[in-house]
Structure formats: C-alpha cells, structure tokens
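Participant: Numbering (my numbering), first residue to last: 16 to 171.
The beta-carbon is built from N, C-alpha and C at its ideal position, and this holds for glycine as well.
The structure follows.
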C-alpha cells in the first residue's frame with residue numbers, strides 16, 4: 016500500500032519509528048515532514064498528506080501530532096478527506112469499515128509506539144464495507160461537503 020505520512024513537531028518522536036515499521040511491513044511511504052523537532056504548523060503538513068491521498072499518490076494517509084485532534088481537524092477541512100483520531104484497535108478498523116476514513120490521526124503524546132503499531136495494522140488492513148447503510152451514510156457526508164462548498168461559492 017502507498018501511504019502518505021506527516022506530523023508536526025509534537026508528533027516527530029513517533030513518526031520515525033512508524034515509518035520504519037511501515038516499511039518493514041512492505042508499504043511504500045511518502046514522508047511529508049516534519050523532518051526535525053523544530054516547531055511547525057500541523058495544518059501545513061496535513062494539507063500535503065491529504066493532497067497525496069486525493070491525488071491518488073497514496074492509498075491512505077497518517078498524521079501524527081501531539082493528540083491527533085489538531086491533525087484530524089485540519090485534515091477534515093479538506094474536501095474528500097475523512098480523518099479520524101484512532102487510539103484503539105477497534106476504532107481504527109471501524110472508521111474505515113463504516114465511514115471510509117482515509118486519514119488516521121495519532122497523538123504521539125497519547126499513544127505509545129507498540130499500541131500505535133497495532134492501531135496502524137488495524138487501520139491499514141480494514142476495507143470499506145459494501146453494506147448499503149454505510150455506503151449511504153458516506154454518500155450523505157459527501158453531500159454535506161458539496162452543500163457547504165456551494166454555500167461558500169454563493170457568498171463569494
């Protein structure tokens with residue numbers, strides 16, 4: 016699988032071990048930074064990761080910040096992205112199976128590297144359900160996104 020990964024300075028300590036692990040598992044990784052522990056703004060990194068997913072350059076995205084919340088908030092501002100904070104195995108696969116989440120956000124200050132590995136394994140092995148109720152709900156999410164964009168266009 017092709018994976019885009021990124022994180023801010025708070026996520027920096029966890030990102031490198033995750034990249035190493037993902038490569039060991041045979042995944043093709045694109046690292047969008049941060050490349051040092053110097054402060055950076057997570058929305059900038061989230062935009063790069065999400066654009067890779069939207070462009071088809073990556074199958075899924077992973078963001079790592081302090082709590083995962085900022086990364087998820089920034090990622091979810093980008094049309095076509097469905098991001099979730101995932102600090103447990105159940106949510107990590109369920110968010111893909113039911114909600115077609117394409118960016119997983121982890122909090123380096125919340126989750127350790129061992130649990131992060133299990134969460135990533137669950138997220139990456141999950142597939143979006145073909146059940147009509149889940150497909151219908153994700154279509155409704157896309158419609159909400161479309162309506163919001165339309166309202167913004169009318170304001171301008």
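Looking at C-beta atoms only, is the number of pairs between the stretch 27-41 and the stretch 126-139 that lie closer than 8 Å three or more?
Facilitator: At 8 Å Cβ cutoff, the stretches touch.
Participant: For residue 62 and chain B, any beta-carbon pair shorter than 8 Å?
Facilitator: Here there is only one protein chain, and chain B is not present.
Participant: Let me confirm a value: residue 155 is counted as buried when at least 16 other C-beta atoms fall within 10 Å, else exposed. Which label applies?
Facilitator: Exposed, by the Cβ-count rule.
Participant: Under a Cβ-count criterion, where at least 16 other Cβ atoms within 10 Å of its own Cβ denotes burial, should residue 49 be classed as buried or exposed?
Facilitator: It is buried - the Cβ of residue 49 has at least 16 other Cβ atoms within 10 Å.
Participant: Applying the criterion that 16 or more other CB atoms from any shown protein chain within 10 Å of the CB defines a buried residue, is residue 159 buried or exposed?
Facilitator: Residue 159 comes out exposed.
Participant: What does the alpha-carbon distance come out to for the pair residue 27 and residue 95?
Facilitator: Cα to Cα, residue 27 sits roughly 26 Å from residue 95.
Participant: Out of curiosity, what's the CA-to-CA distance linking residue 98 and residue 47?
Facilitator: Rounded to the nearest angstrom, the two C-alpha atoms are 17 Å apart.
Participant: What would DSSP say about residue 137, mapped onto helix, strand or coil?
Facilitator: Helix, per DSSP.
Participant: Excluding the 5 residues preceding and the 5 following residue 142 in the sequence, name in chain order all residues of the same chain whose CB lies nearer than 8 Å to its CB.
Facilitator: Result list for residue 142: 111, 112, in chain order.
Participant: Considering just the uninterrupted stretch of the beta strand (DSSP E) at residue 78, what are its terminal residues?
Facilitator: Segment 75-80, the beta strand (DSSP E) holding residue 78.
Participant: Kindly confirm or deny that the stretch 103-110 and the stretch 59-71 touch, where touching means at least three C-beta pairs closer than 8 Å.
Facilitator: Too few Cβ pairs lie closer than 8 Å, so no.
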